[in-house]
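>
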Amino acid sequence: MFHIYCPHCAEYREEEEFHAAGQAHIARPLDPEACSDKEWGEYMFFRKNPRGIHHELWVHAAGCRKFFNITRDTQSYEIKEVYKIGEKPSVVAE
Amino acid sequence: MSDLNVMTAAEMAATKAAVMDQVPGPEIQGQSPLHHADLDSLAKVGPKQGGVHLREHKLLGHLTLRLNPENDDQLAAAERVLGVALPLQPLTSVESGSYSVRWMSPDEWLILVPGLEAFDVESKFRDEMGGHYSLVNSSGGSTVLELSGPDVVELLKRCTSIDLHPKLFPVGKVVSTVFAKSSAIIRRTGEHSFELVIRRSFSDYIWLWLQETSREFGLVVKA
Amino acid sequence: MTQQNRLQSGGRIDRSKPLTFTYNGKQYKGFQGDTLASAMLANGVNVVSRSFKYSRPRGIVAAGAEEPNAILQLGATEATQVPNVRATQQELFNGLVSQSTNGWPNVDTDVMSVLGKVGGKMMPPGFYYKTFMFPESLWNTYESLIRKAAGMGRSPLENDPDSYDHINQHCDVMIVGAGPAGLAAALAAARSGARVILADEQSEFGGSLLSTTEKLDGKPASEWVSAVTEELRSYEDVMLLPRSTVNGYHDHNFVTIHERCTDHLSDIAPVNQARQRLHKVRAKWVVLATGAHERPLVYSNNDVPGCMVSGAVSTYINRYGVVPGNELVVTTTNDYGYQSALDWHDAGRKVVAVVDTRANPAGERVDAARQRGINVITGSAVIDVQGSKRVSGVSVAPISADGNKVSGSVTKLNTDTVATSGGWSPVIHLSSHTGSRPIWNDEIVGFVPGPTVQKQLTAGGINGSYNTNSVLSEGLEAGLKAVAEVGLNAAEVVLPKAEDVKEGASMTLFHIPHLKPTSQAPKQFVDYQTDVTAAGIELACREGFESIEHVKRYTAMGFGTDQGKLGNINGMAVAAKALNKTIPETGTTIFRPNYTPITFGAIAGRNCGELFDPKRYSAMQMWHVERGAKFEDVGQWKRPWYFPQAGENMQQSLDRECLAVRDSVGILDASTLGKIDIQGRDAREFLGRIYSNAWAKLAVGKCRYGLMCGEDGMVFDDGVSACLGDNHFLMTTTTGGAARVLEWLELYHQTEWPELEVYFNTVTDHWSTLTISGPNSRKLLAELTDYDLSNDNFSFMDWKQIKVAGVPARVFRISFTGELTFEINVQANYGTHVWEKLFEAGAKYNLTPYGTETMHILRAEKGFIIAGQDTDGSVHPFDLGMGWCVSNKKPFSYVGKRGMNRQDCVRDNRKQMVGLKTKDPKVVIPEGAQAVLDPNEPIPMKMVGHVTSSYWSANLGHSIAMGFVKGGLDKMGETVYYPLVDGTVIEAEICSPIFLDPKGERQNV
Amino acid sequence: MQRYSGFGLLKHSLTHHENWQRTWRNPTPKKEYDVVIIGGGGHGLATAYYLAKEHGITNVAVIEKGYLGGGNTARNTTIVRSNYLWDESAHLYEHAMKLWEGLSQDLNYNVMFSQRGVLNLGHTLQDMRDIERRVNANRLNGIDGEVLDPQQIKEIVPHMDCSDNTRYPILGASWQPRGGVARHDAVAWGFARGADSFGVDLIQETEVTDLIIEDGTITGVKTNRYGDIKAGRVGCVVAGNSSVLAKKAGFELPLESHPLQALVSEPIKPILDTVVMSNHVHGYVSQSDKGDLVIGAGIDGYTGYGQRGSYPTIEHTVQAIVELFPVFSRVRMNRQWGGIVDTCPDACPIISKTPVKNLFFNCGWGTGGFKATPGAGNVFAASLATGEMHPLAEPFSMFRFHDGALIDEHGAAGVAH
C-alpha cells in the first residue's frame, strides 16, 4: 500500500485516502471541434502506460480534495516526487 | 405563520449568492443526526465507567468557507468576522470564543459556531467580504462527536490510519480522513480528547462502529 | 496417559500447571508452556497426519512455522472449528480438542495407504494431465473422485462467534523477530528514543535463545532475554507484540502483523475481546531479524515418523523438556547437527550414532560428541529409513566425497528417531514480498535478501549469520543504522558475549544418494506436505520442465501451507543437479504473503455483517422504518422502496401509491439525491461546459434539467440545477452519482479550467428533500405556508425561499412524476418536523408516502429516464431522444460534444430509446428482455435492443415500458418481439415513451 | 508426439517413469520464420498451435522472455465462462467455450476443464436488471444461462448466506452451467506440447529487445540471445507488456496496465462446488480440486507492472468473501499474488492490425484473458495466417477507439475474473 505525500496537506497519508486518476499532463484539446476522430480518440483513450517512470494524476479524495501529480516508478512502485497541478516534474524518464 | 423569510428575485440577484436563515424559531426543536440513538437516555442508564467517553455536540452551525489564501483583503475580512485569523498552516485550527476554525484545504476552512449564530456569521461574511469566495452552510449535514477517555487513542487507531502520536498530532491539529469505511474530520482537543465532525447520513454507521470497536474498553455515553 | 517422553526437569514449561487436551478423541496431559506439538511428543504420539497423495503416515518434523506435517483440526464446537492449525505453533490450553485431518477410518489405520503404496507408482508428477481424458464424458466422475481427496481440515459450518480487530500503527523502526538479533536491534533503537515495534510469532521473546543451553556473559541466555524485554517494556514508545506474526511486507514499508490475542486461552475468545488482531504498520525503517530454518537432508523414507530436523529435537528437549524418542541417529553435513546429539545425550537418552557426510569433521561440537562417547561415523550418511508408523532403524552407508554416490556397504542401526541437518536456509520471505529477488550466496549455501527499494535492514540468520556473537552485533548495527536514518542520536548498548564455538566447515549436500538411482530408490521426500520426491523433480526436469517455476508448478513443490519452508532449496538443488546447472541458474525462490496463513476473519476485521459497508440514512429514516417501509439499496443508501399496508402484496402497494399521487398527493423522501453548492462568478459558465444544454440565460429563481456526458458523449448523470443567485447554483445529481460528479467537477476545475472562479461544495446531507406530488400538493402545501403558491406567482420550474411549517425552506417546483410537484428542501435537522407536519395536514388529502418503485413507475409514465437504469454508458443524448437537451449554440465545446459526433455516434441505426406498448395490455415485459424483429428466427437471433424500464401502470390500466430499439425513433408503430426464457414471446408496439399527458399539462397547473 | 493415457502411465510405472519423453523441445531458433509470436503465455501458445494445426503454418517461433505460461496464465483464478452481454464479445467467448469443451482430447493433455457452473450474484435491483438483460442476450445468442432466485442459489451453494440479514442481500443470480474452471498451467503446457509436436519452435528465456520495421512493415525481431530473427508476420501476445512493445513499434495503445491480485486459502475439505462471483460486494471464489478456496480481487486503481498490488484490495476482497460466506471466517488465507492486466477503456480486448504492416496485437484482455485462451488463439491464428482479421476478431480492432464503436462490457466484466 502506497504512502503518499500530499503536497497540500504537507504530510504522508495512506493510499486509501487517494484515488488514482490516470496519466498526468493530458491537456484537453483547446479546440475539440478541430480534432479528427483519431485525435479525439487518442486524447480520450491512448496512453503512454510506461514500465518505469510515470507521471500520474491523483486526488486526495478523503483529505483536501485536491488533485496533484506523482512521478512514480511503475515497476518498483517508488514515488520519486509529488508536485502540484501546473508544476512540471523534475524527475523524468531518460 | 409568517413568510418574512421570503426574498424577491431581485433581492437574490443583487446578493449574487443566496443567503438564508435556515433555522426556525425556538418552538421547533431540531433533530441531530444521532437523534434516533437517544444518547441522552443512554447517558442516564448506560455504564458510567469505561475507557472511552462519547458525547454528541448537536445542532452547531457548520460553515464552509472557500477563498483564495493569497487574497489579503479576504483574509482580513475573515479575521474581522471571526475575531481570529484563518489558519493558513495546513492541518491546523484556531479558536475564538465560541468559534472554531479548521484548515481543510489550501482554500477551504470549516467554521463551527453556535447553532443559532450561523446565519449571523454568514451574513457578516457577506457584508465584509468581496471578490471570489464561497460560504456554504452545512449545519444540517454533519454532527460533532467528542471522544475522550484514557483509551481514546487506542480506539481511534482502530478507526483511522492517521498517526496520533502526540508529537505528530498535537492539540489543535485537524485532519480530514477515512474513518472506518466513512470519513471524518478529526481534531485533537486535549491529550485524551478528540472532536470528530461526521456526515449525517453516515452517523448511524459510525455510531454502530464505535460501539463495536470500543467493546474492549467500555463506552461511556455522556449527555 | 503418562508423558513418557517428558523430562523431570528443565525447559520453559510450568510443571505446576498441568493441562488436559484431546487428540483424536483420546485424552492427554501437557503443561502450561507446551505447544500442542510438544505435548503430543511428550505423550509419544507418532502419527499426526496422512500424506496428501500417497497416504503415508507422517509425524512431527519441526518445532515452528516450517512444520509441514502436524496440521490439525482444532475446536471443541462446530462454530469454533479451526482448520489446518500447525501443532508446532498452537499453544496448549486446557480443554483443547484436536483431530488429525486425513486418514480413514483413522490416521493410524488408513486404507488409502494401500492404494498409495500400489497406486503411488502410477502417480508421478503431472499424472493428472496425462490421464482421465477418455472418455470425455467421464471427466466429471473422475474429478469428483479426485475432489474427495481434497483438503486437509474442514471449514466450520456455523458462523464465527468471535470478533477480529484491526489497528493502525506507526513507528520509526519495525523489528521483525525477537531473537538475539531483533532484541539487540530493539534495544539500540529504544534506548535512542525511537518509536519501536518488536513483533515475534512465538509466545515469548528470545527466538533461538529459548531453545539452547547457550550462555551469554556466562549466564543462561534467557536471563539476558528477560532483562532486555523488561527494559524494552519500560519505554513508552516501544510496543512489544508476542504471538504476532509479521505476515506481509508491502510497498513503502507497510507491514501487516497477525496477532493471536486469545488463541492460547481457548478456541473462543473471552467476552468483549477480539480473538485476533491485525496490525497495519507504517514503519520508517524495517529490520528483518527473522532467523533461519534448518534444512533437512533428502534421503529415502525420510518421512517416516521419528525423522526430524536436528534443531527441532534440541528445541523440544531444551525448551519443552521433551525428548521425542528413546534412541537417536543424527545425519548431518555440518557441526550444528551435533547439537541435538549432545542435548539428547545430556537428557539421558541414548545416541546411537552421529552420521556425518564429511570425512574429517573437526569442530568443537564434534569433539564434544566424541568426548561423551558418542559414535561418530564420518564420510557417511543415512541413506534409508526403516519403519512405517515410527522409525525402527536406519541404513547407513559411506558416500563419495562429492556426495553423489554410495561408496561402500550398508550398515543397519536400530533407532526410533533420526535427526537431520543439511545446513540452514535464511528466512527471507518478507524481503521478497515487496518484489525484491533473493540472491544466492555460495558461502552460506542459501538465498539471502536481494537489493530492495524498501527502507529495510537485515540482521542475523536472515543474512546467513548463525554465530550468536555476530548475530547480536548485526542486530545492534541494524538498530543503530535505523536510528541514525530517522535522525536520532544513537544510545550506547553493550552486548553480552556468547561463548565462541569453533566450527568446522560444512559440506554442501542436499540430496543423499541411494544404492539405486533416484527413480528407483525408495521415496526421498523433498516437500512433505505436497508429497514431492527427488524422483518427481528429476522426472519433471526430464520432461522438459527446466525453469524452477515449471518444476514447482509441475510437481506442486512449495504450494503447501508451509510454502516449502523446508523443501524449496532442496528441490532446487535436486533440479539443478538433474539439469546440470547451479542452483541460482535454475531460478530463484520467490515467497508471497503470507509468511504463515492468516484467518480470513482477521483480514476482514470488524467490517463484516452490518458493518460490511455503511448504511446511509436520510433524516426521516426512523419514520420510514416505523411505517414498515421496504428498503432498496441504492449505492450505500437505504431508500424506501415501497410502503406496504397490512395485507398488501408489492403490486397492490404500488398501485395504491401510484393512484394516490395522480389522484391526490403523495410524498417521496428525495433527500438522497446528490446536491452540490456551486458559487462564483463563473459558476454559470462552468455549468455550460459540463452540461450538454445551455445555462447562460437561466434566471435567478429558475431551475433547469441538465444532462452530463463524458468526453465520449455518453450520458453519465443528470439532474436539475437551480440558479439561487447570479453567482450561485445548486446542482442535483443522481443518488449513486453524487461523489463521482463532485470529483468530476473538481477534476475539470482544478486541471483544465483553474481560471474559472467557482467553488464546489457538497450539501447532500445538509438538506432534507421532501417531494410532494399530485394535484392536491398545492393545497397541502398551502396549509403549511402563507405564501402565494398560485401558478402565476410560483410557476413550474421556479424555486422560492419560503417557510414551510415554520421552517425556512427552498421549494422547487420541478416534477419527476409529471404531476404538480413541490420539492421542499429544509435543513436536515428539521426534515422530520416538516415531514410530520405534512402528514398532519395531509390526512384529508390522503397524503400517501411512496418509495422509489412508485417514483420509477410515475416517471416512466412520463418517459423520463433514470441515468444508470435507462443508460449504460453507451448511449448519448440523441440515442435517448433527448436532443432537446443538447445545445449546439454554446460557444464552448462542452464536455461530450466532440465525443457524440464521432463516426460511430452519428451513424444510422443506433439503438434509440422508445416507448413500448404490449399487444396484450396486461402483460408486463420483464426488464432486460431482448428485442428481435423476427420471432421465428433460429438461434442465434439478431437482437435489436432491450427493455430498460417496464411496469404495470395502474393509472393507465396497461403495462408500459421503455427500451432501446435499433433505429427505433423511425419505427414508431412497428412491432418488436421479446422472446423470454420460458419460451413465450411478448409482442410490443414501438411508441412514444411519453404515455401520459404528452403535453405536460398536469405539472404546469 | 508421445500419447498420454492411463495405460501409458501404467506402462511407464514399470520402468520407474524413466522413459517419458520431453514435453517440448528446447530448440535454437532459425534465422527466419513465417510467423513469430512474441509471448509464450496461453494465448501465444494457443495461437501457435492453431496456426500449425488449422492453417498448416508450422514455420513458427514463439519467443518467450521467461518460461512458458509464466505470466498471467500462471496467475489467474482460472474461471471460464462465456456469458458476456454484447454480441461481439459473447460470440468470441462462446467460440472459446466450444473449444474448451473437448480441448483435453484435442491436445491429448488433460487441462482439467471442469464445468461446475458459474454464478454471478445480484444484490441490487439494478444488478438484477443487468442480469436479466445479459441472460436474455446470452440465450438468444445460443449461450446457456438462467436467472436464479435466492432459493435456487441456496440449493447450489448451501453454505453461502442467502438470507435477508446481510448488508447487501442476494436477490438472485445468473447461472451458466457450462462455465467452470480449468487447470491454468496445463492449458499453457498442453498448447505448448501440441504446437511443438507440429514443429513450432518454442524459444524460452529469450527477450525481444526490439522490432525491426522497414518502411512501415515489420520484418523481424531483435532478441537478446539470438540476435535478429526474420519474420513474415509478427503477432504480439504479451499481456502486461503490450504498451512497452507498442512503443517499440512507434505507437500507443488505449491500455493501462494494472495490478490484479488473487489469493488462496489453505486447502479445506470440499465445501463449494461451483464458481461464485459478485460484482457488487466485489469478490469471487471457487474451490480447487486440491481444496484451496481460490479467490479473486478487483484491480488496483494505479498503473503497476510490479506483479503486486495494494493490501486494501486484498482486505476488501476477503471482507466480501466473509460477507458471502460467514462460515469461512475461521478458514485461513494461505498465499496471495499478483499479475499485470492490460485494461481497455471498454473492458474488451484488442485483437487487431496495427499501424505497422504485418504486425498484429492481441492484448487488452483486462481480467478476462484466461477464459478466452483457446478462442483468442484460434482467431488470432486465423488472422495471422491470412493477414486479414478473423470475423470474430474484427470488432476488436484497436481503431474502434478512434471511431467510437466501443463494446462496453464493464457490466459483464465487472470485477476481475
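Line by line, the protein sequences give chains A, B, C and D. Per numbering that gives the first Met the number 0: the first sequence = residues 0 to 93. Per numbering that gives the first Met the number 0: the second sequence = residues 0 to 222. Per numbering that gives the first Met the number 0: the third sequence = residues 0 to 1004. Per numbering that gives the first Met the number 0: the fourth sequence = residues 0 to 416. Glycine included, C-beta positions come from ideal geometry on N, C-alpha and C.
Spatial neighbours of A404/D within its chain, please: C-beta separation below 8 Å, excluding the five flanking residues on both sides.
The sequence position of residue 404/D within the fourth sequence is 405, counting from 1. If we look at A404/D and ignore the five residues flanking it on each side, its Cβ neighbours are P394.
> Taking Cβ-Cβ distances below 7 Å as the criterion, which residues of the region 165-182 of chain B are in contact with chain C?
The region 165-182 of chain B vs chain C, Cβ under 7 Å: K180 and S181.
> Can you give the Cα-Cα distance for L358/D and G193/D, rounded to whole angstroms?
Locating residue 358/D in the fourth sequence gives position 359, counting from the first residue. Locating residue 193/D in the fourth sequence gives position 194, counting from the first residue. If you take the alpha carbons of L358/D and G193/D, they lie about 24 Å apart.
> Mind pulling the chain D residues with CB within less than 7 Å of L156/C?
For the purposes of this step, residue 156/C is identified with residue 157 of the third sequence, where counting begins at 1. Chain D residues near L156/C: H158 and V326.
> Cβ of L53/B within 8 Å of Cβ of L146/B?
Residue numbering aside, residue 53/B sits at position 54 when the second sequence is read from its first letter. Residue numbering aside, residue 146/B sits at position 147 when the second sequence is read from its first letter. It is a contact, given that the beta carbons lie within the stated cut-off.
> Going along chain D, which residues have a C-beta under 7 Å from Y127/C?
Taking the third sequence and counting its residues from 1, one reaches residue 127/C at position 128. Neighbours of Y127/C on chain D, chain order: N109 and M111.
> Between which two residues does the alpha helix (DSSP H) harbouring T140/C extend?
Sequence index remark: in the third sequence, residue 140/C carries index 141 (1-based). That run of the alpha helix (DSSP H) goes W138 to K147.
> Give me, in chain order, the residues of the same chain whose beta-carbon lies closer than 8 Å to that of V330/D; leave out the 5 immediate sequence neighbours on both sides.
Position 331 of the fourth sequence, counting from 1, holds the residue named residue 330/D. Around V330/D: S264, E265, I267 and L292.
> Can you check the region 704-738 of chain C for any beta strand (DSSP E) of at least 3 residues that lies completely inside it and give the ranges in chain order?
You should have 714-724 and 727-732.
> Could you check the C-alpha separation between M899/C and Q911/C for me, to the nearest Å?
The count along the third sequence starts at 1 and reaches residue 899/C at position 900. The count along the third sequence starts at 1 and reaches residue 911/C at position 912. Taking the straight line joining both Cα atoms gives about 14 Å.
> Which of the three DSSP states is assigned to T761/C in this structure?
By one-based count along the third sequence, residue 761/C stands at place 762. In this structure, T761/C counts as strand in the three-state DSSP scheme.
> What are the start and end residues of the beta strand (DSSP E) that includes C540/C?
Residue mapping note: residue 540/C aligns to position 541 of the third sequence, counting from 1. Counting along the chain, C540/C falls outside any beta strand (DSSP E), though it belongs to the alpha helix (DSSP H) covering A533 to R541.
> Using a Cβ cut-off of 8 Å, which residues of the region 894-915 of chain C contact any Cβ in chain A, in chain order?
For the region 894-915 of chain C, which is checked against every Cβ of chain A, the residues closer than 8 Å are K896, R897, G898, R901 and Q902.
> Can you give me the C-alpha to C-alpha distance between V297/C and E206/D, rounded to a whole angstrom?
As a first step, residue 297/C is located in the third sequence; it is residue number 298 there, counting from the start. As a first step, residue 206/D is located in the fourth sequence; it is residue number 207 there, counting from the start. Those two C-alpha atoms are separated by around 36 Å.
> Using a Cβ-Cβ cutoff of 7 Å, what residues of the region 137-165 of chain B are near chain A? List them in chain order.
Answer set for the region 137-165 of chain B: S160.
> The beta strand (DSSP E) that contains P807/C, what's its start and end?
In the third sequence, residue 807/C corresponds to position 808, counting from 1. That run of the beta strand (DSSP E) goes V806 to F811.
> Assuming H90/D is part of the alpha helix (DSSP H), what are its boundary residues?
If you number the fourth sequence from 1, residue 90/D lands on position 91. Unbroken alpha helix (DSSP H) run through H90/D: D86 to W99.
> Indicate whether G60/B and S181/B have their beta-carbon atoms separated by less than 8 Å.
What you label residue 60/B is simply residue 61 of the second sequence in a count that begins at 1. What you label residue 181/B is simply residue 182 of the second sequence in a count that begins at 1. No, they are not a contact pair.
> Can you find a C-beta in chain D that's less than 8 Å from the C-beta of T70/A?
Position 71 of the first sequence holds residue 70/A. For T70/A, the answer is no, since every Cβ of chain D falls outside 8 Å of its Cβ.
> Sort out for me which residues DSSP pairs V321/C with in a bridge.
Taking the first residue of the third sequence as position 1, residue 321/C is located at position 322. In DSSP, V321/C forms a bridge with R5/C.
> With 16 other CB atoms within 10 Å as the buried threshold, where does N1010/C fall?
Outside the shown range of chain C, which is 0 to 1004, sits residue 1010/C, and nothing can be said about it.
> Evaluate the contact criterion for the region 556-570 of chain C versus the region 286-305 of chain C: three or more CB pairs, one atom per stretch, below 8 Å.
In short, these stretches touch, since the Cβ pair count reaches three.
> Identify every residue that forms a DSSP beta bridge with W439/C.
As a first step, residue 439/C must be located in the third sequence, where it is residue number 440. Paired residue(s): F446/C.
> With distance defined between alpha-carbon atoms, name the residue in I145/C, C708/C, K501/C and K147/C nearest to G718/C.
Residue numbering aside, residue 718/C sits at position 719 when the third sequence is read from its first letter. Of the listed residues, the one whose Cα sits closest to G718/C is C708/C.
> Take T731/C and list the residues in its own chain whose beta-carbon comes closer than 6 Å to its own, dropping the five residues that flank it on each side.
Counted from its first residue, the third sequence places residue 731/C at position 732. Excluding sequence neighbours, T731/C sits near L672, K674, G718 and V719.
> Got a sec, what are the start and stop residues for the beta strand (DSSP E) G474/C sits in?
Taking the first residue of the third sequence as position 1, residue 474/C is located at position 475. No beta strand (DSSP E) contains G474/C, which is instead part of the alpha helix (DSSP H) from T467 to E484.
> Can you name, in chain order, every residue of its own chain whose Cβ lies under 8 Å from the Cβ of Q21/B, other than the five neighbours on each side?
One-based indexing of the second sequence puts residue 21/B at position 22. The residues are A117, F118, N136, S138 and G139.
> If we call anything under 8 Å between Cβ atoms a contact, is L259/D one with G338/D?
Translated into positions along the fourth sequence, residue 259/D becomes position 260. Translated into positions along the fourth sequence, residue 338/D becomes position 339. Yes.
> Measuring only between beta-carbons, confirm whether D612/C sits less than 8 Å from chain D.
On the third sequence, residue 612/C is found 613 positions in, with the first residue counted as 1. With 8 Å as the cut-off, D612/C counts as an interface residue toward chain D.
> Near R626/C, which residues of its chain fall below 7 Å by C-beta distance, leaving aside the five closest residues on each side in sequence?
As a working mapping, residue 626/C is identified with position 627 in the third sequence. Correct list, in chain order: F642 and P848.
> Short check: CB of A142/D to CB of E93/D, under 8 Å?
The residue given as residue 142/D occupies position 143 in the fourth sequence. The residue given as residue 93/D occupies position 94 in the fourth sequence. According to the sequence displayed, residue 142/D carries Ile and not Ala. Yes, the pair counts as a contact, with Cβ atoms nearer than the cut-off.
> Per DSSP, K701/C forms a beta bridge with which residues?
Here residue 701/C is taken as the residue at index 702 of the third sequence, counted from 1. Answer is D797/C, bridged to K701/C.
> Roughly how many angstroms lie between the CA atoms of G1006/C and G43/C, to the nearest whole one?
This structure gives no information on residue 1006/C, because the portion of chain C shown stretches from 0 to 1004.
> Note down, in chain order, each residue of its chain lying with its Cβ closer than 6 Å to the Cβ of V378/D, except the 5 sequence neighbours on either side.
Here residue 378/D refers to the residue found at position 379 of the fourth sequence. Answer for V378/D: H389, L391 and A392, listed in chain order.
> Can you tell me the Cα-Cα spacing of F253/C and V913/C, whole angstroms?
Locating residue 253/C in the third sequence gives position 254, where the first residue counts as 1. Locating residue 913/C in the third sequence gives position 914, where the first residue counts as 1. Going from the Cα of F253/C to the Cα of V913/C covers about 54 Å.
> Can you tell me the Cβ-Cβ gap for V470/C and P179/C, rounded? I've got them flagged as a contact below 8 Å.
Along the third sequence, one-based indexing puts residue 470/C at 471. Along the third sequence, one-based indexing puts residue 179/C at 180. About 5 Å separates the two Cβ atoms, so the contact holds.
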